[in-house]
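There are 2 protein chains.
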Amino acid sequence: MAMKRPTMRDVADAAGVSLMTVSRVVNGEPGVLPETVARVERAIRRLGYQRNDMARQLRRKEQLTQTIGLLVDDLANPFFATLARAVEDAAMLRSCVVLIGSSNDSLRREREVMSAFLARRVDGLILVPVAGSHRFLRDQQALGLKVVCADRPADNLKTDTVLVDNRSGAREAVAHLLRQGHRRIGYLGDRDDIWTVRERYAGFTEALAAEGLLPEPALARHGLRSRAEAANAALAMMRQPAPPTALFASNDVVTMGVVDGLHGAAGAAHGNVALVGFDEFALADKLSPPVTVVAQDPAALGAACAQLLFARIGGDTSPPREVVLLTRLVVRGSGEIAPAARPAPPAAAT
Amino acid sequence: MAMKRPTMRDVADAAGVSLMTVSRVVNGEPGVLPETVARVERAIRRLGYQRNDMARQLRRKEQLTQTIGLLVDDLANPFFATLARAVEDAAMLRSCVVLIGSSNDSLRREREVMSAFLARRVDGLILVPVAGSHRFLRDQQALGLKVVCADRPADNLKTDTVLVDNRSGAREAVAHLLRQGHRRIGYLGDRDDIWTVRERYAGFTEALAAEGLLPEPALARHGLRSRAEAANAALAMMRQPAPPTALFASNDVVTMGVVDGLHGAAGAAHGNVALVGFDEFALADKLSPPVTVVAQDPAALGAACAQLLFARIGGDTSPPREVVLLTRLVVRGSGEIAPAARPAPPAAAT
DNA sequence: TTGAAAGCGCTAACAG
DNA sequence: CTGTTAGCGCTTTCAA
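Right, here's the structure in full:
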């Protein structure tokens with residue numbers, strides 16, 4: 256069991272030819288007699304020979320490892336899983352394999368995984384950068400590593416980057432709520448050291464500002480890392496003396512948490528308060544009311560990253576590009592709920 | 256730009272020591288003067304040196320590449336994404352990286368991706384095998400490749416395998432429907448050349464048989480590959496002259512499709528017919544009615560596979576093991592709907 | 001059309 | 001504590 260794997264030498268001996276001839280057959284090079292080819296191929300099959308690409312790689316150094324690295328935040332998150340699948344499909348078309356890793360929003364883990372990828376001499380890297388400094392990466396870029404940042408820009412790093420216009424998307428969502436007459440709009444969001452989250456909050460405040468409104472501290476909760484945390488935060492926010500009439504949730508996890516929280520609330524679905532969430536999620540259209548969302552396209556994001564990366568690997572040396580994908584407001588019902596009828600405020604001056 | 260990457264030779268020259276000393280420092284071996292270590296480390300940092308693991312691997316051949324391959328059906332499917340994340344976490348604990356691929360239920364693609372993994376000399380492989388013959392794999396096993404099959408067994412291949420008890424899960428689900436008084440239960444399922452799907456259908460028929468019922472062809476639809484297909488199939492099934500009073504859906508995609516289809520139906524949520532689906536999915540508890548499911552634990556599946564694989568890599572040579580994980584019936588409402596009251600059939604003899 | 005020799009970047013096995 | 005030599009499995013280069 257587990258005998259040593261056969262090498263070209265073994266195949267050569269078995270076929271009664273020289274090692275070089277085996278090499279030529281294995282790599283489909285011309286100039287070998289068909290008969291010789293057949294003999295070699297038989298030996299290959301008989302021994303179960305598989306070319307050792309590591310050794311190969313070592314010698315042909317102008318060449319590539321046909322391996323790319325993909326480092327996302329969390330592979331279990333459907334957003335990144337879909338992105339990953341798109342990258343993988345693009346890689347496969349180019350006979351490339353993908354090393355994958357999750358940074359879990361930890362700079363240390365990102366560094367570790369990246370080092371492991373670099374040691375394996377990936378041809379390029381698609382990276383969803385966590386918060387923090389990436390000067391380590393800059394050094395590697397100078398040494399020829401191709402990097403594309405996905406979904407978020409990396410701190411002071413000149414690379415191709417594919418982003419989503421989070422700010423406009425959020426602004427549009429909140430403007431939509433304002434248009435329904437809402438004036439007290441709550442914000443529920445993830446950790447705002449994450450670039451996308453910060454951008455979405457900026458869009459939120461900009462939309463308010465456009466109507467002359469200022470964000471109220473009591474109507475904003477940051478740092479929600481799970482559905483359960485978001486559920487609690489939503490409940491707490493709605494139980495305030497002066498609750499918001501509408502909510503904006505900054506990502507899919509938080510949106511689902513809000514749905515959880517409001518369903519859990521005594522005697523009510525989430526139908527009492529308007530809700531728009533950032534990120535599309537499965538079954539958003541089947542809730543009651545169906546959830547209005549700002550949809551991104553993670554597959555398009557992944558495909559765009561792969562396209563840029565493979566262009567670089569192919570020798571493209573033009574200046575770094577930034578691609579910005581747009582979002583789409585998907586109107587479904589939860590965002591079109593008018594503010595609850597309540598005692599009209601005492602008529603003010605005018 | 257893109258100058259050649261520095262080698263140990265370069266570092267050695269820069270630090271004024273021999274190549275071997277650099278090797279010792281890079282690998283943290285003892286027996287180097289702290290002062291020398293410092294000089295070497297400075298040179299390493301200055302040049303941006305990164306060890307070339309491919310070359311390393313070549314020489315220390317008793318050792319491992321610290322790379323495993325993971326080949327799932329579809330990475331974009333949350334079930335497999337969660338499994339993948341669990342594998343990745345386990346790998347990271349052992350300083351191992353993960354090559355990932357999706358077979359898309361195609362034997363050809365599975366073969367291609369596996370070849371690419373093998374050429375990179377992965378230490379082991381976690382595989383969700385597609386239908387078809389895997390004798391190619393058996394040859395590789397004989398050469399020392401460690402393989403663990405996940406979620407499905409591979410045709411006549413002796414490997415560690417981690418499965419879910421799909422048949423019992425399905426039987427339990429259908430028995431649950433029978434207990435509510437249903438006698439006409441429809442089956443909607445994916446392609447039944449997939450082992451898990453076949454097992455679930457077997458569980459379905461077994462549960463019926465236990466009550467003396469036979470599956471009716473008009474009440475079973477196979478080969479549903481997407482939510483849309485499942486939606487149409489569900490609608491068609493319910494529009495028959497004698498529709499079922501309950502449905503069993505063989506996976507998450509089909510279950511969601513059924514929900515889509517019944518929602519789309521004129522004037523009705525899916526509340527008119529009982530429904531139990533195989534697979535947990537996000538927000539199943541938030542639909543109306545909430546969807547009763549047979550839940551699996553993909554993270555546990557991935558973790559179990561990783562544990563078996565790393566044991567093998569670590570030298571475990573005991574006979575192949577088969578681990579079977581259990582499912583859990585999550586009662587939420589859609590499965591507890593009684594058969595619609597309808598004119599009692601004419602009383603038969605007795 | 002085929003083969004022999006050299007060497008990729010690294011580590012194992014010995015010297016000093 | 002540090003250096004030297006040989007060679008992993010392959011491709012390149014040159015010669016037959």
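Line order of the protein sequences matches chains A and B.
Here the first sequence is numbered in this note's numbering, starting from 256 and rising by one per residue.
Here the second sequence is numbered in this note's numbering, starting from 256 and rising by one per residue.
We put the CB at the ideal spot given by N, CA and C, even for glycine.
In DSSP terms, what residue i is bridged to
| i | result |
| --- | --- |
| B/F503 | B/Y442 and B/V531 |
| A/L325 | A/I355 and A/I381 |
| B/A475 | B/Y442 |
| B/K401 | B/G379 |
| B/V232 | Residue 232 of chain B falls outside the range modelled here, since chain B spans only 256 to 605, and no answer is possible. |
Alpha helix (DSSP H) segment containing residue i, residue limits
| i | result |
| --- | --- |
| A/E290 | P289 to L302 |
| A/Q562 | P553 to I568 |
| B/E461 | W450 to A465 |
| B/S573 | From DSSP, B/S573 is part of no alpha helix (DSSP H); its letter is neither H nor E. |
| B/R435 | The residue you asked about is not Arg; residue 435 of chain B is Gln in the sequence shown. From DSSP, B/Q435 is part of no alpha helix (DSSP H); its letter is neither H nor E. |
| B/L313 | D308 to R314 |
| B/R260 | B/R260 -> no alpha helix (DSSP H), and no H or E assigned at all. |
| A/F536 | Run containing A/F536: none; DSSP gives neither H nor E here. |
| A/A483 | R482 to M493 |
| B/A371 | L362 to A374 |
Unbroken beta strand (DSSP E) run spanning residue i, endpoints
| i | result |
| --- | --- |
| A/T414 | Unbroken run through A/T414: none, as it is neither H nor E. |
| B/V272 | Counting along the chain, B/V272 falls outside any beta strand (DSSP E), and DSSP gives it neither H nor E. |
| A/E577 | E577 to L580 |
| A/R407 | Element bounds for A/R407: n/a, residue is neither H nor E. |
| B/L584 | R583 to V585 |
| A/A550 | T547 to A550 |
Proximity to residue i [Cα-Cα], best of the options
| i | options | result |
| --- | --- | --- |
| B/T500 | B/G478, B/M511, B/P472 and B/A529 | B/A529 |
| B/E317 | B/V579, B/A593, B/G570 and B/W450 | B/G570 |
| A/Q495 | A/A473, A/V514 and A/Q435 | A/A473 |
| B/S543 | B/N527, B/F533 and B/P553 | B/N527 |
| B/R438 | B/D268, B/A269, B/A595 and B/V277 | B/A595 |
| A/S589 | A/A336, A/T510 and A/Q305 | A/T510 |
| B/V266 | B/T291, B/G286 and B/V508 | B/T291 |
| B/V531 | B/N411, B/A537, B/N506 and B/P553 | B/N506 |
| A/M492 | A/Q312, A/Y442 and A/R363 | A/Y442 |
| B/N487 | B/L469, B/V508 and B/E471 | B/V508 |
| B/V327 | B/S357, B/L502 and B/M309 | B/S357 |
| B/T547 | B/V402, B/F391 and B/F533 | B/F533 |
| A/A539 | A/L584, A/R306, A/A270 and A/T414 | A/L584 |
| B/E591 | B/I568, B/R567, B/L580 and B/L502 | B/L502 |
| B/D410 | B/G444, B/I449, B/Q435 and B/A397 | B/I449 |
| B/A483 | B/E471, B/A428, B/L517 and B/L468 | B/L517 |
| B/I355 | B/E343, B/L348 and B/G286 | B/E343 |
| B/L432 | B/S370, B/V513 and B/V549 | B/V549 |
| B/L556 | B/L382, B/R260, B/V368 and B/Q435 | B/L382 |
| B/R260 | A/M347, A/E284, A/G399 and A/L490 | A/G399 |
| B/V579 | B/A558, B/R446 and B/M275 | B/A558 |
| B/D308 | B/A397, B/R480, B/V352 and B/E284 | B/V352 |
| B/L563 | B/A345, B/R434 and B/F459 | B/A345 |
| A/V586 | A/S278, A/D406 and A/Q435 | A/Q435 |
| A/L490 | A/D552, A/V514 and A/T572 | A/V514 |
| A/V429 | A/F459, A/M275, A/T572 and A/F565 | A/F459 |
| A/S481 | A/L469, A/G512 and A/A504 | A/G512 |
beta-carbon residue i near the ligand NAP non-hydrogen atom, thresh 7 Å
| i | result |
| --- | --- |
| A/C351 | Summarising the ligand content, the structure contains no ligands, and the ligand NAP is consequently not present. |
Which runs of the beta strand (DSSP E), 3 residues or longer, sit entirely within the segment 329-354 of chain A?
none
Determine contact between the segment 277-296 of chain B and the segment 292-305 of chain A, defined as no fewer than three beta-carbon pairs at a distance below 8 Å.
Taking 8 Å as the limit for Cβ pairs, the verdict is that the segment 292-305 of chain A does not touch the segment 277-296 of chain B.
Across the segment 309-328 of chain B and the segment 372-387 of chain B, are there enough close Cβ pairs to call them in contact, namely three or more that are closer than 8 Å?
Between the segment 309-328 of chain B and the segment 372-387 of chain B, the count of Cβ pairs shorter than 8 Å is three or higher; the stretches touch.
May I ask you to verify whether the segment 442-459 of chain B touches the segment 417-429 of chain B, counting CB pairs closer than 8 Å and requiring at least 3?
Yes, they touch.
At least three beta-carbon pairs within less than 8 Å, the segment 411-418 of chain A to the segment 461-476 of chain A:
no
The segment 358-368 of chain B touching the segment 335-343 of chain B, judged by at least three CB pairs closer than 8 Å:
no
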